[in-house]
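Numbering (this note's numbering), first residue to last: 42 to 291.
Even glycine gets a Cβ: it sits at the ideal position worked out from N, Cα and C.
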Amino acid sequence: MPHLTPEQKNDFKENGCLIIRNALAPEQIQAAQDTLWAGIEANRNDPETWVEAGPRSPASTNDPAIRATVHESPLFAMMEEMVGKDLLNPGSAGPAFVYPSKDKNWSLPARGHLDGYYTPTNGVAEGTVGYMTMNVTIYVEDIDAKGGCFTYWPGSHRVAHEYFKTHSLLSVQGGVSSDLYPEGKFPEGQQFVGKAGDAIFWHGQLFHSGSKNVNRNIRMALIGRFSRKDSNDIRFETNDDQWATWEGIN
42 MPHLTPEQKN DFKENGCLII RNALAPEQIQ AAQDTLWAGI EANRNDPETW VEAGPRSPAS
102 TNDPAIRATV HESPLFAMME EMVGKDLLNP GSAGPAFVYP SKDKNWSLPA RGHLDGYYTP
162 TNGVAEGTVG YMTMNVTIYV EDIDAKGGCF TYWPGSHRVA HEYFKTHSLL SVQGGVSSDL
222 YPEGKFPEGQ QFVGKAGDAI FWHGQLFHSG SKNVNRNIRM ALIGRFSRKD SNDIRFETND
282 DQWATWEGIN
């Protein structure tokens, strides 16, 4: 039985993203929280110690409770419904935390970026580019506006697709999206506000950004990036139809 409706698939096609509420069962949320708190350098029962704590990634992507959020929930099956059965590398999601800041001045990020591009600090090899087909951000804590929300630009995947029809994937320096928008002008981004267990799928060429957390809660998120098994063969090909290789959407 399908997990997604035709309307949801159309929303993903149009916006490059799709929010799924209550993607995780309560016991999956609890198990993930317990695993993550074991690695946080703060007192779980004292929010004052959460401010500017660490680390950014307090657990392994291979921890059973973390891996279960993707593979023992409907999320991976939903991705396969859109991309195609057995076409994605299995992968997992890894912690990406934003701790509360002492500085309470907040503004919405002015622009986004694309993942997979070299910067001096992100570990991507210079002169290469990653290729992500579909990604997911999963919240394992309630996250309100201004709480370090995953921020995204709906429809920006279509801008990227048009750009890459006539430009190399390597032409975007550091994944900075001002290279793609003619005047470097972005529309206003949207914050993904959600409860523990909510998730958002996002296309591999959707502009997105992190954001500052001025709230009480730690932005406890897991982010998974998934590529097709044949990504090395199709990485530098940009079809006229952006969805030509998506069996569940084309």
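Residue nearest to ILE264 within the set ALA240, GLY189, VAL255, ILE61 is ALA240 (criterion: CA-CA distance). With respect to the C-alpha of ASN176, the residue from LEU149, GLY189, ARG266, ASP75 having the closest C-alpha is ARG266.
A distance of 9 Å or more separates the beta carbons of ALA72 and ARG97. Beta-bridge annotation (DSSP): PRO136 is paired with LEU263.
In its chain, beyond the 5 residues on either side, ARG257 have a beta carbon closer than 6 Å to the beta carbon of PRO88.
When the five nearest sequence neighbours on each side are left out, the beta carbons in the same chain lying within less than 7 Å of the beta carbon of LYS145 are those of VAL255, in order along the chain. The straight-line gap separating the alpha-carbon atoms of THR207 and ASN84 is approximately 52 Å. Under the DSSP assignment, HIS154 falls outside any alpha helix (DSSP H); it carries neither an H nor an E label. Residue state for HIS44 is assigned as coil, using DSSP reduced to three classes. The DSSP-derived three-state label of TRP243 is strand.
Cα atoms of ALA237 and ILE184: separation of roughly 8 Å, rounded to the nearest angstrom. When rounded, the separation of the alpha-carbon atoms in HIS44 and GLU288 is 15 Å.
Excluding its 5 nearest sequence neighbours in each direction, SER133 has C-beta neighbours in its own chain below 8 Å: THR102, ASN103, ILE107, ARG108, VAL111, HIS112, GLY265, listed in chain order. In this model, TYR158 and TYR204 are separated by some 16 Å (Cα to Cα).
Taking 8 Å as the upper bound for CB-CB distance, SER250 and GLY135 are not in contact here, some 18 Å apart. The alpha carbon of ASN163 has as its nearest neighbour, out of HIS244, ARG269, LYS270, GLY216, the alpha carbon of GLY216. In this chain, the alpha helix (DSSP H) harbouring TYR204 covers 197 to 205. In the DSSP assignment, LEU116 falls within the alpha helix (DSSP H) that extends over 116 to 124.
For VAL165, no alpha helix (DSSP H) encloses it, and the DSSP letter there is neither H nor E.
If you look at VAL177, you'll find it in the beta strand (DSSP E) that goes 175 to 180. Across the structure, THR286 and GLY57 are spaced so that their CA atoms are roughly 15 Å apart. LEU77 is classed as buried because its beta carbon has at least 16 other beta carbons within 10 Å across all chains shown.
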